[in-house]
Structures are given as structure tokens and as C-alpha cells.
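Trainee:
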Amino acid sequence: MANDSISWEYLKKGWSKGYQKFYKLSDSLQKTFNYNNVKFNATIGKNFSSMSDDDLDYLIKSFIYKRDNGNYELYTYLKKYGVNGSKNPTRHEDGDLTYKLALAMNHKRVINMDDQQTNKEYHLAWNKCSKEGAKNGNNTANSKLYKKSYNSAILPAVFRKLGKHTNKRKSLQQLHDMASFSYVIKDTEGCKEGRKYFDERNMRMAKNIAEQILVSKKTKNIIIVGAAHVIGLEKEFKKTILTLK
512 MANDSISWEY LKKGWSKGYQ KFYKLSDSLQ KTFNYNNVKF NATIGKNFSS MSDDDLDYLI
572 KSFIYKRDNG NYELYTYLKK YGVNGSKNPT RHEDGDLTYK LALAMNHKRV INMDDQQTNK
632 EYHLAWNKCS KEGAKNGNNT ANSKLYKKSY NSAILPAVFR KLGKHTNKRK SLQQLHDMAS
692 FSYVIKDTEG CKEGRKYFDE RNMRMAKNIA EQILVSKKTK NIIIVGAAHV IGLEKEFKKT
752 ILTLK
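So for the sequence shown, the numbering used here puts the first residue at 512; every next one is plus one.
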């Protein structure tokens, strides 16, 4: 999220070259871009089909200025592919689902909900768990689970039904188990740390989602998220939403 300074403190030099580039550009535009809120609201109030390239460029720069990566990507997608979106798969959930759906439903903004405040610690714990698992059977168990998950996805992918396969309960559970180190035979320090950071990330993501849904007061909301997070978010929703009411 644009106001998540903790995540951005990591991401500006973190795992993603794209986020690094975006943060650097945002940092620069916040010093040089002449943002005008009246002009922004007037421009974003136009129909998608009525927006000129100059309008789109202004909105793209405005969202960079606001450090709003999700909507920067939405309007970059719109400028590149047009109001109907890409004809061919972009091989990314945002391009194939989020932005195409937003355009089809005439939503002028998407809502950011991700949290990457402890991703550095999670990746370090992942490496630590892997080193610890070389001799205790954990790595073998993980390899078997990964191979099982991969093999079961081959036929659905061939017949263009990978999305349905991935969203089956069994597939979601396998992805959750791998990402949360729940597959381990022997629970080691690194695996426990990784699970802790993964669970905490899901907790903060669920809180972000719940707070924004309650503020918006909309009766229907669609959340698009990496499949490995679905099981964890489901558990957190049951706790977080009750707490926030």
C-alpha cells in the first residue's frame, strides 16, 4: 500500500527490480512533479474510452507520485492494451485478472492490500530452513510435495484449466503447506521462523483487506491474491473481521 512505509523501506532495495525502479521513480516525482488534485479528479472522472494519452500519462505520473503501485500498473496496462485489455495472456494475475476485470467493471481504482514488511526475514528463514533440512528429511519431504503439486497441474495446464485446478481446496492446501513450512518432518528453528513470518504477513494482509472493506461499505468485494495465501487469509478473516466489527 502507498502508506505502508515499512514495506517500502524494504522494497526500495528488496527482491523485486520492478519495485526498486518504481520506488526510485516515485521518490524523484515527489520532488519534481506538479501534482494538482483538481486536475487529477477531473481526469480520473472521465470514461476510460474518453481518456487521451495525455490523460493517461498524467494519471500514471500521479499514481507514481502517490506511491500507489497498483493503480500505476492499472493505468499503464490501460495505455498499453486499451479499454478491452490484452487479447493474449500476460501470464500474471494482475494483467490477466485484476486489471482486465477493473476495466470491464469500470472501476477507476484498484485497492492495494499486500504487505511485505517482513519479506526479507521470511526469505532468510527460508534459506535457514533449507540448510537445516538437508539431513533431517525436511528437504526430501518438500521435494516430494512440490513434485506432486507440479505433476498434478500438468494435464489441467495442457487443457487450459490450470486456474480451476489451482483453486481447488487440495491444491491450495499444498501451496499453503509449502509456503508455511507445514510439510516439515522435524520442526527446526529456521522453519519455525519462516512459518511465523508467513503467518504474520497473512494476518496483516487480512487486516488491511477487512479495514478497507468496512470503510468502503460495499456489499461485494473481490480479492485477487497469490494462491499460497488463500488458506492463511481464510483463517485470519474469521478472526480479524469479528475483531474489527
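All residues carry an ideal CB built from backbone N, CA and C; glycine is no exception.
Please identify the residue among T554, K611, K619, V741 whose C-alpha is closest to the C-alpha of S682.
Mentor: Stepping through the sequence shown from its first residue, residue 682 is reached at position 171. When only C-alpha atoms are compared, the closest one is V741.
Trainee: Any contact of the segment 685 to 694 with the segment 595 to 607, i.e. 3+ C-beta pairs under 8 Å?
Mentor: No, the segment 685 to 694 is not in contact with the segment 595 to 607.
Trainee: Is it buried or exposed for F574, if we count other Cβ within 10 angstroms and need 16 for buried?
Mentor: Here residue 574 is taken as the residue at index 63 of the sequence shown, counted from 1. Per the 10 Å Cβ criterion, buried.
Trainee: Where are the beta strand (DSSP E) runs, 3 residues long or more, that stay fully inside the segment 680 to 718, in chain order?
Mentor: As far as the segment 680 to 718 is concerned, it has no whole beta strand (DSSP E) run of at least 3 residues.
Trainee: Over the uninterrupted alpha helix (DSSP H) stretch that includes D472, give me the two end residues.
Mentor: Shown here, the chain extends from 512 to 756; a query on residue 472 therefore has no answer.
Trainee: Hey, would you say A513 sits closer than 9 Å to D579, going by beta carbons?
Mentor: Here residue 513 corresponds to residue number 2 of the sequence shown, with the count starting at 1. Here residue 579 corresponds to residue number 68 of the sequence shown, with the count starting at 1. Closer than 9 Å, so yes.
Trainee: Buried or exposed for F670, going by 16 or more other Cβ atoms inside 10 Å?
Mentor: As a position in the sequence shown, residue 670 is number 159, starting the count at 1. It counts as exposed.
Trainee: With contact counted as at least three CB pairs below 8 Å, one residue from each stretch, are the segment 625 to 632 and the segment 707 to 723 in contact?
Mentor: The segment 625 to 632, when compared against the segment 707 to 723, does touch it at the 8 Å Cβ threshold.
Trainee: Rank K557, G743, E584 by C-alpha distance to the C-alpha of R680 and give the top, closest one.
Mentor: Here residue 680 refers to the residue found at position 169 when the sequence shown is read from its first residue. Minimum Cα distance to R680 is reached at G743.
Trainee: Taking one C-beta from the segment 546 to 555 and one from the segment 524 to 534 each time, how about it: are there three or more such pairs within less than 8 Å?
Mentor: With a cut-off of 8 Å, the segment 524 to 534 and the segment 546 to 555 do not count as touching, because too few Cβ pairs lie within range.
Trainee: With distance defined between alpha-carbon atoms, name the residue in K659, I665, N630, E584 nearest to Y521.
Mentor: Your numbering for residue 521 matches position 10 in the sequence shown. It is N630.
Trainee: Write down the C-beta distance between S660 and L686 rounded to the nearest angstrom, noting that I regard them as a contact closer than 8 Å.
Mentor: Residue 660 sits at position 149 when you count from the first residue of the sequence shown. Residue 686 sits at position 175 when you count from the first residue of the sequence shown. With a Cβ gap of about 7 Å, S660 and L686 count as contacting.
Trainee: With C-beta atoms as the reference, is L589 less than 9 Å away from Y610?
Mentor: Here residue 589 corresponds to residue number 78 of the sequence shown, with the count starting at 1. Here residue 610 corresponds to residue number 99 of the sequence shown, with the count starting at 1. In this structure, Y610 lies closer than 9 Å to L589 by Cβ.
Trainee: Taking the continuous alpha helix (DSSP H) assigned at N662, which residues delimit it?
Mentor: Here residue 662 is taken as the residue at index 151 of the sequence shown, counted from 1. 649 to 669 is the span of the alpha helix (DSSP H), which, as asked, contains N662.
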